[in-house]
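Same order as they appear, the protein sequences are chains H and E. Sequential numbering from 1 applies to the first sequence in the working numbering. Sequential numbering from 1001 applies to the second sequence in the working numbering. Glycine included, every Cβ here is placed at the ideal spot set by N, Cα and C. Nothing here was measured: the structure is a model prediction, and the numbers come from that model. Written out below as structure tokens is the structure these notes cover.
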Amino acid sequence: MKAGTNLERVLEAGQFAVTAEIGPPKGGSAKVIASKGEMLAHAADAFNVTDNQTAVVRMCSLSACGILKQLGLDPVMQMLCRDKNRIGLQSDVLGAVALGIGNLLCLTGDHVKFGNHPSSKIVFDIDSVQLIAAVKMMRDEGLFISGEEIAGPTPMFIGAVENPYADPFEFRTTRLAKKVKAGADFIQTQAIFDVGKFARWMKEICDRGLDEQVHILAGIIPVKAVGMARYMRDYVSGVEIPDEMIQRLEGAKDVQEEGIQIILEIIEEVKLIPGVHGVHIQAVGWEKIVPEIVERAGLLPRPMM
Amino acid sequence: MIITKQKPFEVVLEELGDAKSVFLVGCGDCATLCETGGEDQVKEMGQKLESEGKKVAGSVVLEVGCHELDAKKQFRVQKDEIAEADVILVMSCGAGTQAARAVTDKPVFPANDTLFLGNILRYGNFEEKCSLCGDCILDETGAICPVTRCHKGILNGPCGGTDKGKCEVDPDKECGWTLIYQQLEKEGRVEAMKEYRPAKNWNAVLKPGNFVIPSRRKGGDEGE
């Protein structure tokens, strides 16, 4: 065991894992995080807290993960390279260890242009691959990037993201391999709508034997409204929503129910794809739907590890 | 070359405040090619200032605006005009403005914003390709700089934000890492994309940069 977190134990036991995203508030209320945590506690194995996603200021992931940890949940602290240099990032990793947070998801981060402070200075001192390598070195060698020794252990189950739909498609598995080599233990992917393309990507992953080295969790975004689907298709880079899916939503009497149906079908399909070890449900601003989706997908109860 | 663009005239007027008399400094090099500080623009600025009731005490277009020694000499030649001016308005880059700063005690103001170190694609069309990081890795990346041409400046790209070879940050711009990938493919060394590039030394040049050619250093060894 690398960190012995619930997520790691579920995955290492060969169980099909479920992780869910919890969006922190645009404010300092611990209650908001705690109530979302309580609402989702039974429905997933671990809970990602985003790090100022889309460059919009929110409560920091470290504090929100600490609150979830106090509730007995297994948090996945998301950490991105946009807002902090290597000093700040490594310091936050140590802070996470102090709070008992054992899962870390390393991302490069969206450009500030997309957020609510577009004129802020971007950092990108290191990138996601370098962050993964740094955390692995902290854990396995007990050293900072500088080569200096860390006082005490840094047990971390290291996560990374990958977008199977980004360009150049033929390079995406190479980049994933780079992340695995750098130290990623698990991968949460960009939202999957085009299952066929995802399956082709997964086949490449398996052909390279990467599925033996890393746990891949397929990203799932429940779609609530036709507008949301169109917006994601048109403006969110790396999200490909097939036209027939949009048409299904357009033709539906109950769009929400149709959206849930679509997601359940996607979960059903990705479960059968070799190498997929779980799903990561990102119900952005619609967290309360997660238990229903997990239940209807036949993924309840969650294993007690 | 250093790419500049003129500040709006109202902004320049605001900078000058109630100064009555202005000495104008242009640059015969970059700012001339950017049409922000050549003979024509200096003349035009003088006319605009006069129409606002300012007096133009004199002007000069330095051969190279950031050459402090030349600026010093030229300011000496035109010392009477400069003495008459309340302020100096520099139509060059930030370096040129500070060259004027270094050679006079008069208040100095910039007429331009300084944008980047740019390549000339065609006349009047410039593109940033180098960020002057002091630690060149172009040998590894097919002579395409990820620090500059990737919006995030990452060293292990491309990130997930590429879309048909364009960058999500600005769909009008190429994804630098896709360009690198394609170039390395052409050269038959796409394997280089698998190489892990460690964290970069961003302080290869400590700000503010200062460099003396070794053989010119005081007491320096000619053979160094």
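Beta carbon proximity, H:Ser198 to chain E, threshold 8 Å = Here residue 198 of chain H refers to the residue found at position 198 of the first sequence. Note on identity: in this sequence residue 198 of chain H is Phe, with Ser being the wrong assignment. For H:Phe198, the answer is no, since every Cβ of chain E falls outside 8 Å of its Cβ.
What's the gap between the Cα of H:Asn163 and the Cα of E:Lys1054?
-> One-based indexing of the first sequence puts residue 163 of chain H at position 163. One-based indexing of the second sequence puts residue 1054 of chain E at position 54. The alpha-carbon atoms of H:Asn163 and E:Lys1054 are separated by roughly 59 Å.
Please compile the residues from chain E whose C-beta is within a distance smaller than 7 Å of the C-beta of H:Lys113.
-> Counting from one through the first sequence, the residue named residue 113 of chain H turns up at place 113. The contacting residues are Val1169.
E:Asp1113: first and last residue of the uninterrupted beta strand (DSSP E) it sits in = Taking the second sequence and counting its residues from 1, the one referred to as residue 1113 of chain E is at position 113. Looking at the DSSP string, the run of the beta strand (DSSP E) that includes E:Asp1113 is Asn1112 to Arg1122.
Report the partner residues of E:Thr1162 according to the DSSP bridge assignment.
-> As a first step, residue 1162 of chain E is located in the second sequence; it is residue number 162 there, counting from the start. Answer by DSSP bridge pairing, in chain order: E:Cys1167.
Using the beta-carbon of each residue, which ones in chain H are nearer than 9 Å to E:Leu1155?
-> As a first step, residue 1155 of chain E must be located in the second sequence, where it is residue number 155. What E:Leu1155 touches in chain H: Ile126, Asp127, Val129 and Gln130.
So which residues on chain B does E:Asp1163 lean against when the C-beta distance must stay under 7 Å?
-> In the structure shown, chain B cannot be found, because the protein chains are H and E.
Quick one: does E:Pro1198 have its CB under 8 Å from some CB of chain H?
-> Along the second sequence, one-based indexing puts residue 1198 of chain E at 198. Yes, because at least one Cβ of chain H sits closer than 8 Å to the Cβ of E:Pro1198.
To the nearest angstrom, how far is it from the Cα of E:Thr1104 to the Cα of E:Gly1094?
-> Position 104 of the second sequence, counted from the first residue, corresponds to residue 1104 of chain E. Position 94 of the second sequence, counted from the first residue, corresponds to residue 1094 of chain E. The alpha-carbon atoms of E:Thr1104 and E:Gly1094 are separated by roughly 16 Å.
For H:Gln78, three-class secondary structure by DSSP | As a working mapping, residue 78 of chain H is identified with position 78 in the first sequence. Reduced to three states, the DSSP call for H:Gln78 is strand.
Measuring CB to CB, does H:Ile289 end up less than 8 Å from H:Ala283?
-> In the first sequence, the residue the question calls residue 289 of chain H occupies position 289. In the first sequence, the residue the question calls residue 283 of chain H occupies position 283. Going by C-beta atoms, H:Ile289 is nearer than 8 Å to H:Ala283.
Reference E:Glu1039, options E:Met1091, E:Ala1071 and E:Cys1066, closest by Cα | Your numbering for residue 1039 of chain E matches position 39 in the second sequence. E:Glu1039 has its Cα closest to that of E:Met1091, out of E:Met1091, E:Ala1071 and E:Cys1066.
Between H:Ile132 and the rest of its own chain, which residues show a CB-CB distance below 7 Å, the 5 nearest in sequence each way excluded?
-> As a first step, residue 132 of chain H is located in the first sequence; it is residue number 132 there, counting from the start. Once the five neighbours on either side are set aside, the close Cβ partners of H:Ile132 are Cys106, Ile158, Ala160, Lys179, Ala182, Gly183 and Ala184.
Is the Cβ of E:Glu1224 closer than 8 Å to any Cβ of chain H?
-> Residue mapping note: residue 1224 of chain E aligns to position 224 of the second sequence, counting from 1. Low confidence applies here, because E:Glu1224 scores a pLDDT of 40, under 50, leaving its location unreliable; read the following figure in that light. Output row for E:Glu1224: interface = no.
Buried or exposed: E:Leu1024, going by 16 or more other Cβ atoms within 10 Å of its Cβ?
-> Locating residue 1024 of chain E in the second sequence gives position 24, counting from the first residue. Looking at its Cβ environment, which holds 16 or more other Cβ atoms inside 10 Å, E:Leu1024 is buried.
Taking the continuous alpha helix (DSSP H) assigned at H:Ser91, which residues delimit it?
-> Along the first sequence, read from residue 1 onward, the residue named residue 91 of chain H stands at position 91. Element bounds for H:Ser91: Arg86 to Ala98.
Whether H:Thr43 touches H:Pro274 by CB criterion (8 Å) | Residue mapping note: residue 43 of chain H aligns to position 43 of the first sequence, counting from 1. Residue mapping note: residue 274 of chain H aligns to position 274 of the first sequence, counting from 1. Contrary to the premise, residue 43 of chain H reads as Ala rather than Thr in this sequence. Result no, Cβ atoms of H:Ala43 and H:Pro274 do not sit closer than 8 Å.
Between H:Gln78 and H:Val49, which are expected to be in contact by the criterion C-beta below 8 Å, what is the C-beta distance as a whole number of angstroms?
-> In the first sequence, the residue the question calls residue 78 of chain H occupies position 78. In the first sequence, the residue the question calls residue 49 of chain H occupies position 49. That pair is a contact at about 6 Å.
Per the contact definition of three or more C-beta pairs closer than 8 Å, is the stretch 1151 to 1163 of chain E in contact with the stretch 119 to 139 of chain H?
-> yes
Is it buried or exposed for H:Val239, if we count other Cβ within 10 angstroms and need 16 for buried?
-> The residue given as residue 239 of chain H occupies position 239 in the first sequence. When all chains shown are included, H:Val239 counts as buried.
Counting contacts by CB-CB distance shorter than 8 Å, is E:Gly1096 in contact with chain H?
-> In the second sequence, the residue the question calls residue 1096 of chain E occupies position 96. Closer than 8 Å: no.
Element boundaries [beta strand (DSSP E), containing E:Ile1225] | A question about residue 1225 of chain E goes unanswered here, because the residues of chain E that appear run from 1001 up to 1224.
Pick out whichever of E:Val1108, E:Glu1174 and E:Cys1145 has its Cα sitting closest to the Cα of E:Asp1086.
-> Within the second sequence, the letter at position 86 stands for residue 1086 of chain E. Considering only alpha carbons, the answer is E:Val1108.
Mark E:Ala1100 as exposed unless 16 or more other C-beta atoms lie within 10 angstroms of its C-beta, in which case mark it buried.
-> The sequence position of residue 1100 of chain E within the second sequence is 100, counting from 1. Result: buried.
Below 8 Å on the Cβ atoms is my guess for E:Asp1113 versus E:Thr1004; work out the distance and round it to an integer in Å.
-> On the second sequence, position 113 is the one that residue 1113 of chain E refers to. On the second sequence, position 4 is the one that residue 1004 of chain E refers to. Indeed, because the Cβ distance is near 7 Å, the residues count as touching under 8 Å.
Inter-stretch contact (C-beta, 8 Å, three-pair minimum) for the stretch 110 to 122 of chain H and the stretch 47 to 67 of chain H | yes
Given H:Thr174 as reference, the closest of H:Glu295, H:Cys206, H:Ala30 and H:Met305 once Cα atoms are compared = Taking the first residue of the first sequence as 1, we reach residue 174 of chain H at position 174. Closest by alpha carbon: H:Cys206.
Whether E:Thr1162 touches H:Ala166 by CB criterion (8 Å) | Within the second sequence, numbered from 1, the residue matching residue 1162 of chain E stands at position 162. Within the first sequence, numbered from 1, the residue matching residue 166 of chain H stands at position 166. A contact, by the Cβ cut-off of 8 Å.
Using a Cβ-Cβ cut-off of less than 7 Å, give me the residues of the stretch 1179 to 1213 of chain E that come near chain H, in sequence order.
-> Here the close residues are Tyr1181, Met1193, Lys1194, Tyr1196, Pro1198, Ala1199 and Trp1202.
Considering only C-alpha positions, which residue in the set H:Val236, H:Asp110, H:Met138 and H:Arg82 is nearest to H:Val93?
-> Translated into the one-based positions of the first sequence, residue 93 of chain H becomes position 93. Taking only the C-alpha atoms, the option nearest H:Val93 is H:Met138.
Cα-Cα separation between H:Ile267 and H:Ile241, rounded to whole angstroms = Numbered from 1 along the first sequence, position 267 holds the residue referred to as residue 267 of chain H. Numbered from 1 along the first sequence, position 241 holds the residue referred to as residue 241 of chain H. The straight-line gap from Cα to Cα measures roughly 15 Å.
Could you tell me whether any Cβ in chain H is nearer than 8 Å to the Cβ of E:Cys1133?
-> Translated into positions along the second sequence, residue 1133 of chain E becomes position 133. For E:Cys1133, the nearest beta carbon of chain H is not closer than 8 Å to its own beta carbon.
Where DSSP assigns a beta bridge to H:Asn103, which residues make up the other side?
-> Numbered from 1 along the first sequence, position 103 holds the residue referred to as residue 103 of chain H. In DSSP, H:Asn103 forms a bridge with H:Val76 and H:Phe157.
Would you call the stretch 26 to 34 of chain H and the stretch 2 to 16 of chain H touching, i.e. three or more CB-CB distances under 8 Å?
-> The stretch 26 to 34 of chain H is not in contact with the stretch 2 to 16 of chain H.
How many angstroms separate the CA atom of H:Ala96 from the CA atom of E:Glu1014?
-> Reading the first sequence from its first residue, position 96 is the one you call residue 96 of chain H. Reading the second sequence from its first residue, position 14 is the one you call residue 1014 of chain E. Near 50 Å, if we compare the C-alpha coordinates of E:Glu1014 and H:Ala96.
To the nearest angstrom, how far is it from the Cα of E:Ala965 to the Cα of E:Ser1051?
-> Nothing about residue 965 of chain E can be read from this structure; chain E reaches only from 1001 to 1224.
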